[in-house]
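Trainee: In the working numbering, the protein residues as written are 11 to 414. Beta carbons: idealized from backbone N, C-alpha and C, even for Gly. Dropping a structure here in structure tokens format, bear with me for questions.
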């Protein structure tokens, strides 16, 4: 069913199959999603149109992605204050540039939770890649692997987690939402382990869907996620809405049923929650405000990164997402305390325009920009970035996270 299409009257939809809370204001239709495996779907790869930066890429993508789907991806919650702040925060921070260093940029290899990556760039978890391209998450997985990084795979992906795992040899982390169905939660975690995922990402900031008004205006309809279908492609007649009482015991549950895989807690924006996460033994923290799609009025993710990094002080890796559009942003996030930077919306824009090659091109473009910034800033290595002071607009030092 195409984005925004209405359900036929002869397709009865059990209320418990609607899963409305799973997508906030979005209706999830009980229809078979796009089966975007390269074996079953003929795919014609088109060359990515030229673009100077990822902001231009977004404009190009808006011309090929249907409006309801584009708004679902690009827009934020409420008045979109947090969405705007995620970008604006980077413009309030400056780099203390060094010259005459006698250095040139070196390799950017990054080791995180056992995965050796080409650079500190990873692909962030995002729902429903099938909205923008027939290859869906398989295309994103292939593009990420071709670049040399990992893909965070959403529990509410178009394809099921096994299809995505088989799409490439690259490492993948499985991102889960805990629902009110304990048995289903357990099943997903065990399936992820069996399929070869190398870490579990528990998203903690979605106990209810955000106030996404544009989706309601568009009457956006999404297919049931692949992980919520049985082997015949039919939706399971069970209520799987968000668990809205997440607590420290939720971390224990995930650990108990994921076979010892590393656990990443996503959605941490405060020092207090970082302390809680460390106390309960998480293996990594992902600083994120869901790209401004959940709590409008929360601080810019970059501002949260500064607080969280100062609290964590290198005890566990920090992944950062929300608002990254330039290599300059990546540099600033790494200097502020991130160990890796997750790229979200731009990856979907690249996928929409060029399939897996578009995903690859987005990551290569960001790395190229990052290398340019590094050379001009006098930072030859990732360690040099982390030692680079950041400045406030008045030239005073910005308080940065300290890592061992």
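Are residue 357 and residue 133 touching if we call contact CB-CB under 8 Å?
Mentor: yes
Trainee: Look up residue 322 in the DSSP assignment and say whether it is helix, strand or coil.
Mentor: The answer is helix: DSSP assigns residue 322 an H, G or I state.
Trainee: Can you check whether the CB of residue 363 is closer than 8 Å to the CB of residue 76?
Mentor: no
Trainee: Please state the DSSP three-state secondary structure of residue 188.
Mentor: Of the three classes helix, strand and coil, the one that applies to residue 188 here is coil, per DSSP.
Trainee: I'd like the span of the alpha helix (DSSP H) that includes residue 353, first residue to last.
Mentor: Taken as a continuous stretch (DSSP letters only), residue 353 belongs to no alpha helix (DSSP H), being part of the beta strand (DSSP E) at 350-353.
Trainee: Shortest alpha-carbon distance to residue 336 belongs to which of 169, 324, 326 and 355?
Mentor: Distances from the alpha-carbon of residue 336 to those of 169, 324, 326 and 355 put 355 closest.
Trainee: To which residues of the same chain is residue 401 closer than 8 Å at the C-beta, ignoring the five residues directly before and after it?
Mentor: 103, 104, 105, 106, 407 and 408
Trainee: On the CB-based measure, 16 or more other CB atoms within 10 Å of its CB, does residue 237 come out buried or exposed?
Mentor: buried
Trainee: Which residues mark the beginning and the end of the beta strand (DSSP E) in which residue 276 is found?
Mentor: 273-278
Trainee: Taking the straight line between their C-alpha atoms, what separation do you get for residue 50 and residue 287?
Mentor: Confidence in residue 50 is poor, its pLDDT being 37 and thus under 50, which makes the residue's placement too unreliable to answer from.
Trainee: What's the gap between the Cα of residue 331 and the Cα of residue 80?
Mentor: Answer to the nearest angstrom: the Cα atoms are 19 Å apart.
Trainee: What are the boundary residues of the alpha helix (DSSP H) that residue 101 is part of?
Mentor: 91-101
Trainee: Taking just the CA atoms, how far does residue 350 sit from residue 328?
Mentor: 7 Å
Trainee: Enumerate, from N- to C-terminal direction, the unbroken beta strand (DSSP E) stretches of 3 or more residues contained entirely within the stretch 207-262.
Mentor: 209-213 and 231-233
Trainee: Starting from residue 297, trace the beta strand (DSSP E) in both directions and tell me its first and last residue.
Mentor: 294-297
Trainee: DSSP three-state label for residue 59, please.
Mentor: coil
Trainee: At the level of alpha carbons, what is the spacing between residue 257 and residue 278?
Mentor: 13 Å
Trainee: So, is residue 1 buried or exposed, given that buried needs 16 or more other C-beta atoms within 10 angstroms?
Mentor: This structure leaves residue 1 out entirely; the chain is present only between 11 and 414.
Trainee: Would you mind working out which of 308, 307, 326 and 309 sits nearest residue 290, comparing C-alpha positions?
Mentor: 326
Trainee: Could you check which residue in 201, 343, 147 and 374 has the C-alpha nearest to that of residue 397?
Mentor: 343
Trainee: Relative to the C-alpha of residue 129, which residue among 174, 245, 392 and 399 is closest?
Mentor: Nearest to residue 129 by alpha-carbon distance, out of 174, 245, 392 and 399, is 392.
Trainee: My understanding is that residue 252 touches residue 218, with C-beta atoms under 8 Å, so please give their C-beta distance in whole angstroms.
Mentor: 6 Å
Trainee: Taking contact to mean at least 3 C-beta pairs separated by less than 8 Å, is the stretch 291-307 in contact with the stretch 89-96?
Mentor: yes
Trainee: Quick check on DSSP: helix, strand or coil for residue 182?
Mentor: In the structure shown, residue 182 sits in a strand (DSSP, three-state: E or B).
Trainee: List, from N- to C-terminal side, the alpha helix (DSSP H) runs of 4 residues or more that fit wholly inside the stretch 329-413.
Mentor: 337-346, 355-387 and 392-396
Trainee: Applying the 10 Å Cβ sphere with the 16-neighbour rule, what's the burial state of residue 192?
Mentor: exposed
Trainee: When the Cα of residue 273 is compared with those of 139, 318, 255 and 199, which residue comes out closest?
Mentor: 199
Trainee: What residues match up with residue 70 in a beta bridge as DSSP calls it?
Mentor: In DSSP, residue 70 forms no bridge with anything.
Trainee: Below 6 Å CB to CB, which residues in the same chain sit around residue 64 once its five sequence neighbours on both sides are set aside?
Mentor: 335 and 356
Trainee: From the DSSP output, in three-state form, read off residue 163 for me.
Mentor: strand
Trainee: Leaving out five residues before and five after residue 152 in sequence, what residues of the same chain have Cβ atoms less than 7 Å from its Cβ?
Mentor: 177, 178 and 366
Trainee: Grouping DSSP H, G and I as helix and E and B as strand, with all else coil, what is residue 115?
Mentor: coil
Trainee: Does the count of Cβ pairs from the stretch 152-167 and the stretch 367-376 closer than 8 Å reach three?
Mentor: yes
Trainee: Could you round the C-beta distance between residue 338 and residue 383 to whole angstroms and report it? I think they count as a contact, below 8 Å.
Mentor: 5 Å
Trainee: Span of the beta strand (DSSP E) holding residue 125?
Mentor: 125-127
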